[in-house]
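Novice: Mind having a look at this structure? Questions to follow.
Number of protein chains: 2
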Amino acid sequence: MSNNEVSTIPAASGERLAALRAELARQGLDGFLVPRADEHLGEYVPDRADRLRWLTGFSGSAGLAVVFAGRAAVFTDGRYVLQLAEQTDPALWERRHITDEPPAAWIAEHAAPGARIGYDPLLFSEEAIGRYADKGLSLVPVEANPLDAVWADQPAPPMAPALPHPLAFAGLDSARKREQVAAALVAERQAAAVVTDPASIAWLLNIRGDDVPFTPFALGFLIIHADAGCELFMAPQKVPEATRAWIGNAVSVQDRNAMPGALARLKGKRVRVDAAGSPAWFAQKLRAAGAEVVAGMDPCMLPKARKNEVERQGSRNAHARDAVAVCRFLRWMESAAGRQTEISAAEKLLALRGEVPLFRGESFPAISGSGPNGAIIHYRVSPETNRAIGENETYLIDSGAQYTDGTTDITRTVWTGPATPPDELRARVTRVLKGHIAIATLVFPKGVAGAHIDAFARAALWQVGLDYDHGTGHGVGSYLSVHEGPVSISRAARPVPIEAGMILSNEPGYYLPGAYGIRLENLLLATEAELPGALKPFLRFETLTWAPFDRRLIDTTLLTRAELDWIDDYHDQVRTVVGPHLDGQDCGWLEAVCAPLA
Amino acid sequence: MSNNEVSTIPAASGERLAALRAELARQGLDGFLVPRADEHLGEYVPDRADRLRWLTGFSGSAGLAVVFAGRAAVFTDGRYVLQLAEQTDPALWERRHITDEPPAAWIAEHAAPGARIGYDPLLFSEEAIGRYADKGLSLVPVEANPLDAVWADQPAPPMAPALPHPLAFAGLDSARKREQVAAALVAERQAAAVVTDPASIAWLLNIRGDDVPFTPFALGFLIIHADAGCELFMAPQKVPEATRAWIGNAVSVQDRNAMPGALARLKGKRVRVDAAGSPAWFAQKLRAAGAEVVAGMDPCMLPKARKNEVERQGSRNAHARDAVAVCRFLRWMESAAGRQTEISAAEKLLALRGEVPLFRGESFPAISGSGPNGAIIHYRVSPETNRAIGENETYLIDSGAQYTDGTTDITRTVWTGPATPPDELRARVTRVLKGHIAIATLVFPKGVAGAHIDAFARAALWQVGLDYDHGTGHGVGSYLSVHEGPVSISRAARPVPIEAGMILSNEPGYYLPGAYGIRLENLLLATEAELPGALKPFLRFETLTWAPFDRRLIDTTLLTRAELDWIDDYHDQVRTVVGPHLDGQDCGWLEAVCAPLA
Chain A
812 MSNNEVSTIP AASGERLAAL RAELARQGLD GFLVPRADEH LGEYVPDRAD RLRWLTGFSG
872 SAGLAVVFAG RAAVFTDGRY VLQLAEQTDP ALWERRHITD EPPAAWIAEH AAPGARIGYD
932 PLLFSEEAIG RYADKGLSLV PVEANPLDAV WADQPAPPMA PALPHPLAFA GLDSARKREQ
992 VAAALVAERQ AAAVVTDPAS IAWLLNIRGD DVPFTPFALG FLIIHADAGC ELFMAPQKVP
1052 EATRAWIGNA VSVQDRNAMP GALARLKGKR VRVDAAGSPA WFAQKLRAAG AEVVAGMDPC
1112 MLPKARKNEV ERQGSRNAHA RDAVAVCRFL RWMESAAGRQ TEISAAEKLL ALRGEVPLFR
1172 GESFPAISGS GPNGAIIHYR VSPETNRAIG ENETYLIDSG AQYTDGTTDI TRTVWTGPAT
1232 PPDELRARVT RVLKGHIAIA TLVFPKGVAG AHIDAFARAA LWQVGLDYDH GTGHGVGSYL
1292 SVHEGPVSIS RAARPVPIEA GMILSNEPGY YLPGAYGIRL ENLLLATEAE LPGALKPFLR
1352 FETLTWAPFD RRLIDTTLLT RAELDWIDDY HDQVRTVVGP HLDGQDCGWL EAVCAPLA
Chain B
812 MSNNEVSTIP AASGERLAAL RAELARQGLD GFLVPRADEH LGEYVPDRAD RLRWLTGFSG
872 SAGLAVVFAG RAAVFTDGRY VLQLAEQTDP ALWERRHITD EPPAAWIAEH AAPGARIGYD
932 PLLFSEEAIG RYADKGLSLV PVEANPLDAV WADQPAPPMA PALPHPLAFA GLDSARKREQ
992 VAAALVAERQ AAAVVTDPAS IAWLLNIRGD DVPFTPFALG FLIIHADAGC ELFMAPQKVP
1052 EATRAWIGNA VSVQDRNAMP GALARLKGKR VRVDAAGSPA WFAQKLRAAG AEVVAGMDPC
1112 MLPKARKNEV ERQGSRNAHA RDAVAVCRFL RWMESAAGRQ TEISAAEKLL ALRGEVPLFR
1172 GESFPAISGS GPNGAIIHYR VSPETNRAIG ENETYLIDSG AQYTDGTTDI TRTVWTGPAT
1232 PPDELRARVT RVLKGHIAIA TLVFPKGVAG AHIDAFARAA LWQVGLDYDH GTGHGVGSYL
1292 SVHEGPVSIS RAARPVPIEA GMILSNEPGY YLPGAYGIRL ENLLLATEAE LPGALKPFLR
1352 FETLTWAPFD RRLIDTTLLT RAELDWIDDY HDQVRTVVGP HLDGQDCGWL EAVCAPLA
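Encoded structure:
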C-alpha cells in the first residue's frame, strides 16, 4: 500500500531550477511539466527517472512540477502534502494540492496566451495529456527532455539482467502466451500492439529482472505482431545468452534506440496502444509514421491477471510459507510493547521472511505504524518518525513479500496490551472486520466488477457514519507487481469484470487521525463457484492469506452468527496451515489465538 | 416496469414496405433505419411517431427496422422476441435479436460498399448514431422522413393543452428554476442549452400536459439562454392564455417550425446539447449554423431529480393515499383465486385507485401476472394471454398511479392459497426480500451511485446461484415520468451519484420461467442521514410505499434479527398509515397481515 523508494539522488537546489529555466529558454519553451514518472509510467521508477526529486527535492511517489520562467509549482495529493512542504524550498516552489487545484487550471491561470508549454511525451499517457487539452491547453511534446540536458550526473539506466522465469512457476510457455495475445490482435484486425509495461513483458516472455525495487521485472519495451512474433527493445547487455535462448527465435532483441525505426515500419497498419497505460510518445511516433493507432488495453493485461493453475497453486504455496513468518512475527509482537520500535518491528518481520524458502525480497516498503502513525494511510517509517511501540495502543503492519512462486500482501492490526482495548476501538475494528468478511464470503456472477462490490466492505462502517479514504482492493501479480491491473475493488476504477484466477486484496480500514489506524487485509483468489442449479457462471473468493485477527479487538456482540462462524472457520484453517510449521511456544500461542470466539 | 401502448394504427402490410422502398429509391437511398422513437426519444410515443408499428406490425416498446431494396429486418430485445415473431410477416421481415446480432453488424454484412443508408436525425441521438460510425458505417441524415411521405393517414400530432402545475405541488416557481439552470450554463461558459425532453420542460415551466399515455407532459422543445430567457417550441393552440400568463414573458412561445431559425441565431455561441438524450438533428443544425456544440447532460435533469421539500411531502401524501387503494386491493385478492383473471384484477386495482383524491391515471400499464405469467418480466396482459387466477399459485402485480402531488410505483407478489406455499418458493421470496431490505436500510456517503449499491439487492440470491435480469431501481418523477433519469440502481447505468431528494424504486425479483415470478417493490426517497460524528454527508432512504408483504411467503428462518425487525417495523408503519382509512373488514385484515412475524 505504500510506495516511496530508496534513492541516492542528492538534495535539490535553486541552481538546478535555474539551469532548467535556461535550457527551456534555449529551446524556446515558456514552461515545462516534470511528472514523477518513468518511460513505463510505472509505480517504482529508477533513480535516473526521478527527475521530480532531483529538481524539487520532493520524494513522494506521486506528483508533478510545473516550471515557468517567473514561477514554479509542485503538485501532489493528500498523502504527501506535509512531506511536500518539508522537502521543497518555498522560495522556489509554490506547493499545491493536485485535486483541489489541478495543474491544468493553475497553468491556464498563469500561462500567457499562446505560451509554449513543453512536456516529455515519454512521461505522459495520451489520456493524461488529453486532460490538459480538455481545459483548452495545447502542450508541446519535446524530442529530448530538457531536464536531462542539465542533469549532469543523471544516473545511468539500471542494467540488471533479465533471467528466465521457469515453467514450474509460470505455468504456461511463452510461445503459447504469444499465440494467445496474437489471436486477440487478429480478432480486432490489428497488425501489432505496443507493450510498454515491463510487467506485461515479464509475463509474456516468462522473464524476471531486478531494475527497480520491489517489482522483479526488467525495464524494456516490446512490439508483438499478429503473427505472434515479438520485437523486444532492451539493452543487449541485459539479455544474457541463456535468456536469449529461453525467449527463442520468434523474439528479436534490439537496442532501445532501434524503437523509432521499428514503429516506422508499422506504416499503414492498425496498431493497438494503451491510451491510459502507455506513454503518448508511441502513438505520436506511430501516427507520424502513417500507422493507424487504435486505443486498446495492453493485450497482456487481462491474460496476465487471470492466473493459470500453476500460478494459483504457486500463490497458495507462497502464502502458506509467508504465513509462518507472519505468525512468528505476530507472536513476537506480543512482547514488543516498551521494547521495540516501528523500524525494529519491520526489520524483525523482514528477517523472519528471509528464512522462508524462495523469498526474494519485499513486495513493497512495509507500513509499520504504531498508535497515531497507524492512521497515516501510506505511512513510511523513517528514522525521524520512528516511534517506540507503547503499551495499550494499536500497531498496524502492512507488508508483503516476493517469492519465486507468488507475491504476498497482508495487513494486521494488533493491540499491544496488557489492558483491555477501549470499546470504541473494538467496535470499529469489528466493523472493519464485518466489511472484510462481506467481501470474503461474497458470491457473484461473472460480469460483476470491483466497482460494484466495493460498498460491501464499507456498509457496516457507513451505517454509523464512518468510512475509509482508499480503495478496498487491488490486483496482485504472480511474482510480479503487488499492484497489478486491470481489476481492483474500488468505485473509482473502470468497471472491469472480475474473472476466475484473478488475485485481489481485500483491505478495508478505518483511520482516526492522531489516534490509531485499522486495516485488515488478506489476498483473495477469484474462483469458479460450483452452485447446483445456477443458470450462469458464478464466482467466489478463495482466501490465500493465513494469519489470525487479534481477538482482543473483536466485539462479538456486533457480529452475526454467520460472521462468527466465518472467523472461527478461518482461524481453524490458520491453525491447520501454519501450526505444523511452528515451534513449541509459537504453536501454543497459535492454538490460543485461533480458538473459537463463540 | 412495462411500457407498451394502446394504439389505433391498423395492421401492417407488404404494401407499406413496398411504398417505403419506392420512396427510398426516389430519394436515392439504398437503405433506411426505422427506430421505435419519437422526436423526444421518449418512452411513450404518440401514434404519429409509431412508424415501426405502422411499417412492420411490431408494437413492442423497443425495436428498430432496417430496410434495404432486397431485404429487411426488425430487431428487438429478449423481452419481445416472441411478440416480434407473432406480429411481423416472415415473408417481409427477418427477425433479429438486437444484442446477439446488432443492427450495425447486420448492415455491415448486407449493405453494398458505399451504400447510402439514411436515418432520420430527429429519431436518433448522436451517441446512438456514433455506435454505427464505430462499426465503420457512415449513415446519411435525411431532411424529411421518407416513411412519413408514404404514410398517407399518419395521425396528427397530439394537441392536448399544456396546463399550469400549481406551486402547491411544484414547490418552486419557474423563474427560480430558470435562474438556477441559467447559472449552471454560465458556470460552464455556455450561451444556451437545448432541451428536448418534455419532462424537463414540464419541470422547468411548471406545466403538465396529456399528449402521451401515462406521463403527463406536453410535447415540445425548448432553448434556455444564459440570461434565463426561454424559447418554447410548441404549437400555439396547445398553450392556452392562462398557461401563457403562467409561464410569463421571459418565455416566448413559438411554433415548432420556428426552431431551425432559433438554432441558426445561436451562431458563434457555445450551446449545450445532451448527446445521449437529444436527437442528433439539434447538434447537426447547430453546427451547420456555426454554433459550438458542447455535449452535456440536459441541464434540467439533475435539478428535476432532486425533489424539493414540497415535492417530497407531495410524494409522501400521494403514497399514503395510494396505499389505501393497494391495501383494499390486496384484501380483495384474498378471495380472487378461482373467481378473477389477470385483467379483472388489474381493473379492480384501477377502479380502487380511481376513488383516491388527486388520481390522474396510471403511471404505466399495470403488469398483472399470475403463475407462470409472473415470470415474464415485462408482461402485459391481453385478452389472448389473460389467465384465470388459480388457487395455490403466485400473483404478481406491478402498478402505479399519477397523482397531482406525486407518482407511485409498487409491486407485490402474493400467494393465492389456500394451501401453504412450497418451501422453495418461500426461500426465494425471502431472498428477494433480504435484497429489498438491504437497499432500504443502506446508509451511504454522498458520491455513491446506484451502480455501486445494486449488488446489495442481489447478494442473498447470488449466494445460491440465483439472480434477476433487470436493474434494481429507476428514478421516479414528481407527477411526471415513472422512469426518470439520470439516476438508477443498476450496474449498467452511468454512475451518477445519488443525492438527497431523489426518488428511486427498489425492486429486486426472481423469475422461474414457466412457473412463477417474484418482485417486491417500494419507492424510496433519498434523504440526508443525521449521523453523530460523521465527517462527511451521508444519505439514507426513507420508504414512501406502504403495503404489506405476504407473510405466507416469508421464511423467517432465513432472516437475521435485524431483517425481522425491519419487516415488523415496516408492517407496523403500514398499519399506522393505512389503517385509519380502511373500513371494518379491511381493517381487521390489515391488523392480521401486519402482525409481528417474530
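Heads up: the sequence lines are chains A and B, in that order. Residue numbering for the first sequence follows the working numbering, beginning at 812 and increasing consecutively. Residue numbering for the second sequence follows the working numbering, beginning at 812 and increasing consecutively. For each residue, glycine too, the CB sits at the ideal point set by N, CA and C. Computed from a predicted structure; not experimentally measured.
Specify the secondary structure class of Met812/B as computed by DSSP and reduced to three states.
Specialist: Any reading at Met812/B must be qualified, since the residue scores a pLDDT of 40, below 50, and its modelled position is unreliable; the value itself is stated next. Here Met812/B carries a coil assignment [DSSP, helix/strand/coil].
Novice: Please list the terminal residues of the continuous beta strand (DSSP E) segment that includes Ile928/B.
Specialist: 928–930
Novice: For Asn1060/B, is the classification buried or exposed, using 16 other Cβ atoms within 10 angstroms of its Cβ as the cut-off for buried?
Specialist: Asn1060/B should be labelled exposed.
Novice: Closer than 7 Å by beta-carbon distance: list the chain B residues that pair up with Gln1274/A, in chain order.
Specialist: By Cβ distance, chain B contributes Val1254.
Novice: For Arg1123/B, which residues in chain A fall below 9 Å Cβ to Cβ?
Specialist: Under a criterion of Cβ atoms nearer than 9 Å, no residue of chain A is adjacent to Arg1123/B; the nearest Cβ is some 22 Å distant.
Novice: Just to confirm the assignment, what range does the alpha helix (DSSP H) spanning Gly1286/B have?
Specialist: Taken as a continuous stretch (DSSP letters only), Gly1286/B belongs to no alpha helix (DSSP H), being part of the beta strand (DSSP E) at 1284–1286.
Novice: Do Glu1318/B and Leu1335/B have their C-beta atoms within less than 8 Å of each other?
Specialist: When the beta-carbon positions are compared, Glu1318/B and Leu1335/B stay at least 8 Å from each other.
Novice: Taking Ala1311/B and Leu1350/B to be in contact with their CB atoms under 8 Å, please state how far apart those CB atoms are, rounded to whole angstroms.
Specialist: That belief holds up - the Cβ atoms of Ala1311/B and Leu1350/B are roughly 6 Å apart, short of 8 Å.
Novice: Give the DSSP-derived three-state secondary structure of Asn1333/B in the structure shown.
Specialist: strand
Novice: Is the Cβ of Arg1302/B closer than 8 Å to any Cβ of chain A?
Specialist: Yes, because at least one Cβ of chain A sits closer than 8 Å to the Cβ of Arg1302/B.
Novice: Give me the Cα-Cα distance between Leu1163/B and Tyr1290/B, rounded to the nearest whole angstrom.
Specialist: For Leu1163/B and Tyr1290/B, the distance between alpha carbons rounds to 19 Å.
Novice: In chain A, what lies closer than 9 Å to Thr1371/B by C-beta?
Specialist: Thr1371, Arg1372, Ala1373
Novice: Counting Cβ pairs, one atom from each stretch, are 3 or more of them under 8 Å apart for the region 1131–1151 of chain B and the region 985–994 of chain B?
Specialist: no
Novice: Between Val1389/B and chain A, is any beta-carbon pair separated by less than 8 Å?
Specialist: no
Novice: Round the Cβ separation of Ala926/B and Asp841/B to the nearest angstrom and send it over; I've been treating them as touching at under 8 Å.
Specialist: 4 Å
Novice: Relative to the alpha-carbon of Ala955/B, which residue among Phe1028/B, Arg942/B, Phe843/B has its alpha-carbon at the smallest distance?
Specialist: The candidate whose alpha carbon is nearest that of Ala955/B is Phe843/B.
Novice: Mind listing the chain B neighbours of Gly1344/A? Cutoff is C-beta to C-beta under 7 Å, in chain order.
Specialist: Gly1276
Novice: Quick one: which unbroken beta strand (DSSP E) runs of 3-plus residues sit fully inside the region 1148–1204 of chain B? Chain order, please.
Specialist: 1170–1173, 1178–1181
Novice: State yes or no: is the C-beta of Ile1300/A within less than 8 Å of the C-beta of Thr1224/A?
Specialist: no
Novice: State yes or no: is the C-beta of Ile928/B within less than 8 Å of the C-beta of Ile918/B?
Specialist: yes
Novice: Does DSSP classify Tyr1322/B as helix, strand or coil?
Specialist: In the three-state reduction of the DSSP assignment, Tyr1322/B falls in the strand class.
Novice: For a cutoff of 8 Å on Cβ pairs, would you count His851/A as touching chain B?
Specialist: no
Novice: Determine the DSSP secondary structure at Ala973/B, reduced to helix, strand or coil.
Specialist: Ala973/B: coil per DSSP, three-state reduction.
Novice: To the nearest angstrom, report how far apart Asp1066/B and Val1050/B are at their CA atoms.
Specialist: Taking the CA atoms as reference points, Asp1066/B sits about 11 Å from Val1050/B.
Novice: Quick check on Ser1411/A: buried or exposed, where buried means 16 or more other Cβ atoms within 10 Å of its Cβ?
Specialist: With chain A represented from 812 up to 1409, any question about residue 1411/A goes unanswered, as that position is not in the structure.
Novice: So which of Lys988/A, Trp1357/A, Glu1166/A has the shortest CA-CA distance to Met1112/A?
Specialist: Minimum Cα-Cα distance from Met1112/A among the listed residues Lys988/A, Trp1357/A, Glu1166/A corresponds to Lys988/A.
Novice: Check this for me: beta carbons of Trp1357/A and Arg1142/A, under 8 Å apart or not?
Specialist: Going by C-beta atoms, Trp1357/A is not nearer than 8 Å to Arg1142/A.
Novice: Quick one, which of Gly1395/B, Gly853/B, Gln1384/B, Gln838/B has its alpha-carbon nearest Ser1089/B's?
Specialist: If we check each option's Cα against that of Ser1089/B, Gly853/B comes out closest.
Novice: In the region 1125–1142 of chain A, which residues sit with their C-beta less than 7 Å from some C-beta in chain B, listed in chain order?
Specialist: none
Novice: Could you tell me whether the Cβ of Asn815/A comes closer than 8 Å to any Cβ of chain B?
Specialist: Residue placement at Asn815/A is flagged as unreliable, the pLDDT there being 40, under the threshold of 50; a coordinate-derived value is accordingly withheld.
Novice: Return the residues of the region 888–919 of chain A that lie within a Cβ-Cβ distance of less than 8 Å from chain B, sorted by chain order.
Specialist: none
Novice: Expressed to the nearest angstrom, what Euclidean distance is found between the alpha-carbon atoms of Pro1297/A and Gly1020/B?
Specialist: Roughly 49 Å between the two C-alpha positions.
Novice: If you count every other CB in all the chains shown that lies within 10 Å of the CB of Arg882/B, and 16 or more means buried, which is it?
Specialist: exposed
Novice: Shorter than 8 Å from the beta carbon of His1281/A to some beta carbon of chain B?
Specialist: no
Novice: Taking contact to mean 3 or more Cβ pairs, one atom from each stretch, closer than 8 Å, check whether the region 1172–1191 of chain A and the region 1150–1161 of chain A are in contact.
Specialist: yes
Novice: Pull the bridge partners of Cys1041/B from the DSSP assignment, please.
Specialist: Ile1035/B, Val1062/B
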